[in-house]
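Taking it in order: structure first as structure tokens, then the write-up.
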Amino acid sequence: MDSNLRFFKGEEWSAEVPLTLEELVTPASQRIPLEILHDILHPLRPIFDVCSPSVLGSSVFSSRQNDFAVYLMDMKHFLSLRFVSRIWNAVMVPIVYEEFVIPTRFPVMRPVMYGQVPSLLPTLINSGLTNPYGPVHKLVNFLRGDGGLVDTLADNMKTLMLYDFCHPFSSHDYSDENNLMTRIIKKFQWSDIQTLHCYGRETYAFRYPGWVQDTLPNLPSTIQSLSFDAVDRRTISCALVDLGSAVQFLEIRNRSRLWDLDYESLGEASFHLPTEMPMLETLRLIHISTTLSEFTKLLSRIGAYPRPSNTADVLHTGGLQSTLRSLMITQLFVLNEDPHVGGFYAPLTAVEFSQLLDINGIADGLTYLYVGPGLYSMSDAFNVIWRPDIVTEIVQKCSRLISFSYTSIVDESLVDHLPPDLRHISLALRPSLPPSHIISYLDSLPMFTDFVKRSLRREQKLGSLKILVMDQLQRNPGFWRMSFDDVRGLLQSGRSELEKTCEDGGIELSFDLI
Numbered sequence: 097m098d099s100n101l102r103f104f105k106g107e108e109w110s111a112e113v114p115l116t117l118e119e120l121v122t123p124a125s126q127r128i129p130l131e132i133l134h135d136i137l138h139p140l141r142p143i144f145d146v147c148s149p150s151v152l153g154s155s156v157f158s159s160r161q162n163d164f165a166v167y168l169m170d171m172k173h174f175l176s177l178r179f180v181s182r183i184w185n186a187v188m189v190p191i192v193y194e195e196f197v198i199p200t201r202f203p204v205m206r207p208v209m210y211g212q213v214p215s216l217l218p219t220l221i222n223s224g225l226t227n228p229y230g231p232v233h234k235l236v237n238f239l240r241g242d243g244g245l246v247d248t249l250a251d252n253m254k255t256l257m258l259y260d261f262c263h264p265f266s267s268h269d270y271s272d273e274n275n276l277m278t279r280i281i282k283k284f285q286w287s288d289i290q291t292l293h294c295y296g297r298e299t300y301a302f303r304y305p306g307w308v309q310d311t312l313p314n315l316p317s318t319i320q321s322l323s324f325d326a327v328d329r330r331t332i333s334c335a336l337v338d339l340g341s342a343v344q345f346l347e348i349r350n351r352s353r354l355w356d357l358d359y360e361s362l363g364e365a366s367f368h369l370p371t372e373m374p375m376l377e378t379l380r381l382i383h384i385s386t387t388l389s390e391f392t393k394l395l396s397r398i399g400a401y402p403r404p405s406n407t408a409d410v411l412h413t414g415g416l417q418s419t420l421r422s423l424m425i426t427q428l429f430v431l432n433e434d435p436h437v438g439g440f441y442a443p444l445t446a447v448e449f450s451q452l453l454d455i456n457g458i459a460d461g462l463t464y465l466y467v468g469p470g471l472y473s474m475s476d477a478f479n480v481i482w483r484p485d486i487v488t489e490i491v492q493k494c495s496r497l498i499s500f501s502y503t504s505i506v507d508e509s510l511v512d513h514l515p516p517d518l519r520h521i522s523l524a525l526r527p528s529l530p531p532s533h534i535i536s537y538l539d540s541l542p543m544f545t546d547f548v549k550r551s552l553r554r555e556q557k558l559g560s561l562k563i564l565v566m567d568q569l570q571r572n573p574g575f576w577r578m579s580f581d582d583v584r585g586l587l588q589s590g591r592s593e594l595e596k597t598c599e600d601g602g603i604e605l606s607f608d609l610i
């Protein structure tokens, strides 16, 4: 067949149509439809993972600093694809600039006299400091300036990350940096920012009530997703007061009032929240220590007031009805209500969590639930923190669940109380004996086999079962110095029956490390 012929197929005919002269002289890379080219290039874009530091550094802070330097280099290589053609450049511009990371602070080294030891300071990069990471220095200089590229960034930005790469606690005054960061952030005041992530103590965002109106006035009309990691409660409060009525996704990570000043100096009344968060569908609370009253206060504002169908119903309208569909909680701790008594804390209990689910009917609307109970210490990693029978009651309460994940021990009766629409379940591999022997883990696998068999007898239409293996497993005798793959290999002997049972029942089986 002539290579210059194009072949078409229809339902009842086929024909060979020659390529036009214009198509013959146009490179194949430019003949790709723009939508397909976008779908090809978009997955290739480097992503800066804000939650999972690599092992490139000796600590989480040095690791994140190295990760960011690598990310910038990867972005530089990705940007080189723009030079393939003008068409590729046009397609890549919105892909490149849809997500942007601003390093609000980054370790820099002051120039010193000969013989002195250089010192690293948690300061924003400025003209008086020498930055060891050239790409970061260039990025900040780019943000300082004005020009077409900055305007292009502002026009295409959908996700903004404000990231503090320095250790969170120090007593330095950041007034100069605050003015500079405010000028930089204001350049995106009319951008269509849908996702905003703030990490660290000095993100220079939500510094006072009304910060949004002064700095990013367009944000309330565009924001959908809001995420905080290791920021203080005043910042969270200011953000939610201004944006809580619009956000659909809210994540709060690593928020402990146990060791910072805002636990001791601020009263309960200072944690302001909007009266309602009517759009919020997804909430993730991960590694948080606060009072039970603050947990209650936050959840009590999630939902919308039901709309009366007619004028006569206005007086009978009840309270908020939860809009929450997805809830993830991991390692939540309850602090003493009185900060003057001290920072004593305890893991949130199953009873307390069950009561929180009753607020505004949260349990009634959930379709996704992930629960990782808090632990007193690393040595308690395999202790039962939540009573299994209460966990079963919680699952029963959430009658619309489609997906359920739980990282502690469950009662065997759980399978008899699964919601009818549940399709995906993730349960933790736990020892049947004190965790001192490998056999205690091998003995726990038949529990999952029995679980699957009983679910099939009940005609439960499970689509997948994921077994969660805790990373602390490798710290126990018999597992030391073993990789996750090695541990999984040891468990292979106990998996055959489970795998066959799942295969016969049409259930996808997988293992994951938590």
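Letter by letter, the sequence shown follows residues 97 to 610 of my numbering. Yeah, the Cβ is synthetic: ideal placement off N, Cα and C, and Gly gets one too.
- If you keep only unbroken beta strand (DSSP E) runs of at least 3 residues inside the stretch 440–523, you get 441–443, 464–468 and 499–502.
- Between Glu-372 and Arg-397, the gap from beta carbon to beta carbon is short of 9 Å.
- Look at Phe-345 here: in three-state DSSP terms it is strand.
- In the displayed model, Thr-318 falls within a helix according to three-state DSSP.
- Residue pairing of Thr-311 in beta bridges, as defined by DSSP: absent, with no partner found.
- Here Leu-369 carries a coil assignment [DSSP, helix/strand/coil].
- Between the beta-carbon of Val-166 and that of Tyr-295 there is about 17 Å, and that puts the pair past the 8 Å contact cut.
- Sorting Ser-422, Thr-318, Ser-341 and Arg-141 by C-alpha distance to the C-alpha of Leu-381 places Ser-422 at the top.
- Per DSSP, the unbroken alpha helix (DSSP H) holding Phe-547 starts and ends at 541–553.
- Look at Asp-163 here: in three-state DSSP terms it is helix.
- For Ile-332, the enclosing alpha helix (DSSP H) covers residues 329–339.
- Here Val-236 is not bridged, per DSSP, to any residue.
- In the structure shown, Lys-172 adopts helical secondary structure according to DSSP, grouped into three states.
- Cβ-Cβ distances below 6 Å link Pro-515 to Ser-495 and Leu-497 in the same chain, with the five nearest sequence neighbours on each side left out; the list follows chain order.
- If you draw a 10 Å sphere on the C-beta of Asp-434, you find fewer than 16 other C-beta atoms in it, and that means exposed.
- Per DSSP, reduced to three states, the secondary structure at Cys-147 is coil, with no helix or strand assignment.
- Here Leu-315 is not near Gly-340, since their CB atoms are 9 Å or more apart.
- When secondary structure is reduced to three states using DSSP, Met-375 falls in the coil class, being assigned neither helix nor strand.
- With three or more CB-CB distances shorter than 8 Å, the stretch 192–204 counts as touching the stretch 243–262.
- Its chain contains Phe-174 as the residues whose beta carbon lies nearer than 7 Å to that of Leu-140, once the 5 sequence neighbours on both sides are disregarded; these appear in chain order.
- About 18 Å separates the Cβ atoms of Leu-523 and Gly-470, ruling out a contact at the 8 Å cut-off.
- One alpha carbon belongs to Ser-501, the other to Phe-238, and they sit about 44 Å apart.
- The three-state reading of DSSP puts Ser-389 in helix, counting H, G and I together.
- Beta-bridge pairing by DSSP links Lys-562 to Ser-522 and Ser-606.
- Of all alpha-carbon atoms in Leu-564, Asp-338 and Ile-521, the one lying nearest the alpha-carbon of Leu-558 is that of Ile-521.
- Counting C-beta atoms within 10 angstroms of its own C-beta, Met-169 has fewer than 16 neighbours from the protein chains shown and is therefore classed as exposed.
- Secondary structure at Pro-402: coil, using DSSP grouped into helix, strand and coil.
- Distance from the CA of Arg-297 to the CA of Glu-593, rounded to the nearest whole angstrom, comes to 50 Å.
- In the displayed model, Leu-381 falls within a strand according to three-state DSSP.
- In this structure, DSSP gives Ser-323 an extended state, which the three-state scheme calls strand.
- Closest option to Ser-560, judged by alpha-carbon separation, among Arg-553, Phe-607 and Arg-554: Phe-607.
- Assigned with DSSP and collapsed to three states, Pro-199 falls in strand.
- According to DSSP, residue pairing for Arg-351 in a beta bridge involves Ile-384.
- In the three-state DSSP reduction, Ile-128 falls in the coil class, being neither helix nor strand.
- Taking each of Asp-507, Gln-451, Glu-347 and Thr-463 in turn and checking the Cα distance to Arg-483, the smallest one comes out for Asp-507.
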